[in-house]
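Letter by letter, the sequence shown follows residues 120 to 551 of my numbering.
Here a beta-carbon is modelled for each residue, glycine too, at the ideal position from N, C-alpha and C.
Notes to accompany the following structure.
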Amino acid sequence: MDIGIIGGGASGMILASKLNKHNVTILEKNNKLGKKLLLTGNGKCNFTNMDFNNLDYIYNCKFAKTIFKRYDNYSFIEYLNSLGIVSKVETHKNIDYVYPNNNKSTSIYYALYDKIINNKINIEYNSNVINIIKKNNKFFVYTIDNKNYEFDILIFAFGGSTYAKTGSDGSCFSIVKKLGLTVNDVLPGLTPLKYKIDNIDVNKINFTGFRVDAYVSIKDKDNNVLSEYGEIQFTKENVSGIPILNLSSKLARIQSSYKNDIDIIFDFSCNLVNSVNVSNKSSYFNLSYEEKNNKVINILKLRRNLIPYKKIDDFLCGYLPDELNLIITSLLNLKNKKVSDLTDDDLINISNLIISFKIKIIKQNNYENAQISVGGIDTNEFYENSLEAKKIKGLYAIGEALDIDGICGGYNLQMCYSSASVVSNHILNMEG
Ligand SMILES: Cc1cc2nc3c(=O)[nH]c(=O)nc-3n(C[C@H](O)[C@H](O)[C@H](O)COP(=O)(O)OP(=O)(O)OC[C@H]3O[C@@H](n4cnc5c(N)ncnc54)[C@H](O)[C@@H]3O)c2cc1C
Numbered sequence: 120m121d122i123g124i125i126g127g128g129a130s131g132m133i134l135a136s137k138l139n140k141h142n143v144t145i146l147e148k149n150n151k152l153g154k155k156l157l158l159t160g161n162g163k164c165n166f167t168n169m170d171f172n173n174l175d176y177i178y179n180c181k182f183a184k185t186i187f188k189r190y191d192n193y194s195f196i197e198y199l200n201s202l203g204i205v206s207k208v209e210t211h212k213n214i215d216y217v218y219p220n221n222n223k224s225t226s227i228y229y230a231l232y233d234k235i236i237n238n239k240i241n242i243e244y245n246s247n248v249i250n251i252i253k254k255n256n257k258f259f260v261y262t263i264d265n266k267n268y269e270f271d272i273l274i275f276a277f278g279g280s281t282y283a284k285t286g287s288d289g290s291c292f293s294i295v296k297k298l299g300l301t302v303n304d305v306l307p308g309l310t311p312l313k314y315k316i317d318n319i320d321v322n323k324i325n326f327t328g329f330r331v332d333a334y335v336s337i338k339d340k341d342n343n344v345l346s347e348y349g350e351i352q353f354t355k356e357n358v359s360g361i362p363i364l365n366l367s368s369k370l371a372r373i374q375s376s377y378k379n380d381i382d383i384i385f386d387f388s389c390n391l392v393n394s395v396n397v398s399n400k401s402s403y404f405n406l407s408y409e410e411k412n413n414k415v416i417n418i419l420k421l422r423r424n425l426i427p428y429k430k431i432d433d434f435l436c437g438y439l440p441d442e443l444n445l446i447i448t449s450l451l452n453l454k455n456k457k458v459s460d461l462t463d464d465d466l467i468n469i470s471n472l473i474i475s476f477k478i479k480i481i482k483q484n485n486y487e488n489a490q491i492s493v494g495g496i497d498t499n500e501f502y503e504n505s506l507e508a509k510k511i512k513g514l515y516a517i518g519e520a521l522d523i524d525g526i527c528g529g530y531n532l533q534m535c536y537s538s539a540s541v542v543s544n545h546i547l548n549m550e551g
């Protein structure tokens, strides 16, 4: 049986590493496999996560759940272990990220690559697939350099359409449509967002960038609040950090329902209220606005008594980054005051900004910097237990090409593993 895999990224490599009994060919448009895999987790490769209790962090979670249940995070860790990779868990803000013990994506790359070579998989580099025809139970695959290939089974592992320099430019989605399958809108996800702040020109404020913890929320068109907690990074143009990247994927799906710029609200008060730590953050954030406001105003009053002689820019120093303090005092026109000059009304205004700081998202679509695509091949047209297309026998899809995506934290590479394992298991069982 001749098997073709289109795309030698994370999912294609995992699949090929598991197929050791067939005549398998990877058609890869680059001159190297796994270019994006090598970039993951800042080169450390955060390949999965220990939190699998609540799979709502996966879009299309109903479909994804059946796949994840069969091949979960432990299964991925064990599989990599069988290829010689030792894993470690790194906990940050109560989230358990899993990495290779040596912090190197290259070790995962070579674990898979060496197994692929050991499996005697044929790798056709520089093979950009431009057309596919199915005739008489065979798939005829054509590449840009006028070569053609014939397969009994074909697997789409060509990824999404972001970070095009790694090869995944979305060009295959039009081929998928020509074959009669549905492709849901493909948009950038897990991406920094361009922003502005009303009534202030951040270019006039002296900062290059800063990081701050916050609880971040947006409202969808039905007024449901979508929120995230964690470290935010501001530059003059972009806002990013894991909570923003996660919200960007949600925004991509609902953005067409917004007519105007989208507001994001930050609650920075966790940086002031000492009793807040990661373990009780949810109980803190569930407090009403008034309860939080009372806590913050009390802290501000104490501080006004403590350091009345300080310049206004230093009022919140130690609690919030200097650059954010500058933005807050500029927004409230407090620049020429001293701490002792702050009135109770000033403190109320400062508290309001700390608990409910608003920015406007002016541009969301950044394909170049997006870590994943949301959207992709519609999973309704595939069997959950095999990932074979219902309409086209012998055709399968795995990884980011499918309309399934996860938040930051290793869930997307886990999806590559889980989906590739479903397909490899199905193929290996076909011949008994
Ligand atoms: C900077 C960055 C950091 C990331 N960090 C993480 C992380 O730490 N943890 C995590 O879980 N996820 C992370 N991700 C997301 C993760 O890398 C992807 O979800 C994953 O690589 C998707 O794998 P894939 O095999 O589906 O697609 P890809 O890895 O994109 O592979 C697709 C392959 O198909 C090839 N291809 C495309 N079109 C054609 C064609 N027409 N003909 C032939 N070949 C073709 C491409 O060249 C490519 O090699 C990160 C992404 C980026 C960009």
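Could you check what DSSP says for residue i in three-state terms: helix, strand or coil?
| i | result |
| --- | --- |
| I373 | helix |
| L152 | coil |
| Q352 | strand |
| V305 | strand |
| N325 | coil |
| S394 | Here S394 scores only 49 on pLDDT, less than 50, and its place in the model should not be relied on; the value that follows carries that caveat. Residue state, collapsed to three classes: coil. |
| T210 | strand |
| N357 | strand |
| D441 | helix |
| C527 | coil |
| T262 | strand |
| G123 | strand |
| Y228 | helix |
| L157 | helix |
| N234 | In the sequence under discussion, the amino acid at residue 234 is Lys, which differs from the Asn named in the question. If DSSP states are grouped into helix, strand and coil, K234 belongs with the helices. |
| L521 | strand |
May I ask which residues mark the beginning and end of the alpha helix (DSSP H) holding residue i?
| i | result |
| --- | --- |
| E243 | No alpha helix (DSSP H) holds E243; the beta strand (DSSP E) holding it covers 241-243. |
| Y282 | From DSSP, Y282 is part of no alpha helix (DSSP H); its letter is neither H nor E. |
| N200 | 192-201 |
| L466 | 463-474 |
| N417 | 408-425 |
| V143 | It is not in any alpha helix (DSSP H) - V143 instead sits in the beta strand (DSSP E) that spans 142-146. |
| A183 | 180-189 |
| V458 | Here V458 belongs to no alpha helix (DSSP H), and DSSP marks it neither H nor E. |
| I294 | 291-297 |
| A135 | 129-137 |
Buried or exposed: where does residue i fall if 16 or more other Cβ atoms within 10 Å of its Cβ makes it buried?
| i | result |
| --- | --- |
| M120 | exposed |
| H211 | exposed |
| P427 | exposed |
| D524 | buried |
| V344 | exposed |
| I541 | This sequence places Val at residue 541; Ile is not what is there. The residue is buried, with at least 16 neighbouring Cβ atoms inside 10 Å. |
| N255 | exposed |
| E209 | exposed |
| Y232 | buried |
| E507 | buried |
| Y314 | buried |
| V395 | Per-residue confidence for V395 stands at a pLDDT of 48, beneath the threshold of 50, marking its modelled position as unreliable; the derived number appears in the next sentence. Answer is buried; the Cβ neighbour count reaches 16. |
| K207 | exposed |
| T310 | buried |
| E409 | exposed |
| V458 | buried |
| Y244 | exposed |
| T498 | buried |
| L146 | buried |
So residue i and residue j are in contact, right, with Cβ under 8 Å, and what is the actual spacing, rounded?
| i | j | result |
| --- | --- | --- |
| S280 | V260 | Actually they do not touch by this definition, with Cβ atoms about 20 Å apart. |
| L298 | I511 | 6 Å |
| T419 | L472 | The amino acid occupying residue 419 in the given sequence is Leu; Thr does not appear at that position. The Cβ separation is near 11 Å, so there is no contact. |
| C535 | A135 | Not confirmed; about 12 Å, so no contact. |
| S475 | I416 | Not really, about 14 Å apart at Cβ, beyond 8 Å. |
| I177 | A276 | Going by Cβ atoms, the distance from I177 to A276 rounds to 19 Å, so no, they are not a contact pair. |
| G518 | S538 | 6 Å |
| I337 | L370 | 7 Å |
| S368 | G308 | 3 Å |
| K340 | I383 | Actually they do not touch by this definition, with Cβ atoms about 15 Å apart. |
| K234 | L202 | 6 Å |
Following the continuous beta strand (DSSP E) through residue i, name the residue where it begins and the one where it ends.
| i | result |
| --- | --- |
| F275 | 272-275 |
| S492 | 491-496 |
| N250 | 248-254 |
| A516 | 514-516 |
| K223 | Taken as a continuous stretch (DSSP letters only), K223 belongs to no beta strand (DSSP E), as it is neither H nor E. |
| I381 | 381-386 |
According to DSSP, residue i sits in a beta bridge with which residue or residues?
| i | result |
| --- | --- |
| L547 | Looking at the DSSP assignment, L547 forms no beta bridge with any residue, so it has no partner. |
| P311 | Answer is none; P311 lacks a bridge partner. |
| V344 | K338 |
| T167 | V217 |
| V205 | Answer by DSSP bridge pairing: none, since V205 is not bridged. |
| A333 | G349 |
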